[in-house]
Amino acid sequence: EPEVTQTPSHQVTQMGQEVILRCVPISNHLYFYWYRQILGQKVEFLVSFYNNEISEKSEIFDDQFSVERPDGSNFTLKIRSTKLEDSAMYFCASTTRGVASNSPLHFGNGTRLTVT
Amino acid sequence: DAKTTQPPSMDCAEGRAANLPCNHSTISGNEYVYWYRQIHSQGPQYIIHGLKNNETNEMASLIITEDRKSSTLILPHATLRDTAVYYCIVRDDKIIFGKGTRLHILP
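Those protein sequence lines, which keep their order, are chains W and Y. For what it's worth, the working numbering labels the leading residue of the first sequence as 654, then goes sequentially. For what it's worth, the working numbering labels the leading residue of the second sequence as 6, then goes sequentially.
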């Protein structure tokens, strides 16, 4: 069964450094998402992406964050200057259809980002 | 914010049916009810979804009340591997997670 893959599984970075988290969504999917989960807390929506542009973003997704689909297969999340509070699991998700649809989101197993 | 209410935790004996309730009294006519689970910080795993009718797949059954204000996820024969946090989600465009129900399967 096709799945969403994320790399790396664990990333350690120093405060102030830039980090790029990578995702390969399921190949025929058109809608892409990033979520994060701080240890012990809820899974939080960050951003949705369709047709090479952001569809919606949460208040967490500030100017330090950006997303890109650099080619036909990858979907990336960049954090420009990491802060300690960016330490979390970051999950990528994809689906075939978007708004009010009955198409489930499929999630990857996440990248654990540790900012020191 | 999540539009659903779930009990924070539940226990179920191994081999028995686990029935997880969810209230979604403000659901609107075109919103689907989705269930996901998360096993120990893995990525959320899709289980099942429905609009009005009851649904069944290889993992679970979903029972939605006629007024659509509540639903129940049924795991017919729970195993230790079903220990997880289960999320009931009313979906418009994106998935918004609440706190879910932490299901403990007791040996």
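C-beta: ideal position from N, C-alpha, C; glycine also. In this text the structure is predicted, and so the values were computed from the model without any measurement.
Beta-bridge partners of Gln659/W, as assigned by DSSP: Stepping through the first sequence from its first residue, residue 659/W is reached at position 6. According to DSSP, which records beta bridges pairwise, Gln659/W is partnered with Cys676/W.
Whole-Å CB distance - Gln659/W paired with Val672/W, under 8 Å assumed: Taking the first sequence and counting its residues from 1, one reaches residue 659/W at position 6. Taking the first sequence and counting its residues from 1, one reaches residue 672/W at position 19. In fact, because the Cβ distance is near 13 Å, the residues do not count as touching under 8 Å.
Any beta strand (DSSP E) of 3 or more consecutive residues that is wholly inside the stretch 691 to 722 of chain W: 696 to 703, 706 to 710, 718 to 721
Contact between the stretch 741 to 750 of chain W and the stretch 685 to 696 of chain W (3+ Cβ pairs under 8 Å): yes
Buried or exposed (CB count within 10 angstroms, at least 16 for buried), Lys57/Y: Numbered from 1 along the second sequence, position 52 holds the residue referred to as residue 57/Y. The residue is exposed, with fewer than 16 neighbouring Cβ atoms inside 10 Å.
Where Arg733/W falls: helix, strand or coil (DSSP): As a working note, residue 733/W is residue 80 in the first sequence. Correct three-state label for Arg733/W: coil.
Same chain, Cβ closer than 7 Å to Gln670/W, five either side skipped, listed in chain order: What you label residue 670/W is simply residue 17 of the first sequence in a count that begins at 1. Contacts found: Thr735.
8 Å Cβ shell around Ala65/Y - same chain, five flanking residues per side excluded: The sequence position of residue 65/Y within the second sequence is 60, counting from 1. Excluding sequence neighbours, Ala65/Y sits near Trp40, Ile52, Ile53, Leu78, Ile79, Leu80, Pro81.
Within chain W, the residues that Tyr37/Y reaches when beta carbons sit closer than 7 Å: Residue numbering aside, residue 37/Y sits at position 32 when the second sequence is read from its first letter. Chain W residues near Tyr37/Y: Asn755.
Residue closest to Thr9/Y, alpha-carbon to alpha-carbon, out of Val38/Y, Gly20/Y, Thr61/Y: In the second sequence, the residue the question calls residue 9/Y occupies position 4. Taking only the C-alpha atoms, the option nearest Thr9/Y is Val38/Y.
Same chain, Cβ closer than 6 Å to Arg765/W, five either side skipped, listed in chain order: Indexing the first sequence from 1 puts residue 765/W at position 112. Listed in chain order, the non-local C-beta contacts of Arg765/W below 6 Å within the same chain comprise His663, Met742, local neighbours out to five positions each way being set aside.
Contacts around Tyr92/Y, its chain only, beta-carbon distance under 6 Å, and the 5 residues preceding and following it disregarded: In the second sequence, the residue the question calls residue 92/Y occupies position 87. Cβ neighbours of Tyr92/Y beyond the five flanking positions: Tyr41, Phe102, Gly105.
Extent of the continuous beta strand (DSSP E) run through Met742/W: Residue numbering aside, residue 742/W sits at position 89 when the first sequence is read from its first letter. 741 to 748 is the extent of the beta strand (DSSP E) around Met742/W.
DSSP-derived helix/strand/coil call for Asp16/Y: Within the second sequence, numbered from 1, the residue matching residue 16/Y stands at position 11. Three-state DSSP puts Asp16/Y in a strand.
Classification of Ala23/Y by the beta-carbon crowding that lies within 10 angstroms, buried from 16 upward: By one-based count along the second sequence, residue 23/Y stands at place 18. Its Cβ being crowded by 16 or more others within 10 Å, Ala23/Y is buried.
Against chain Y: residues of the stretch 700 to 723 of chain W by CB proximity under 7 Å: Ser701, Glu709
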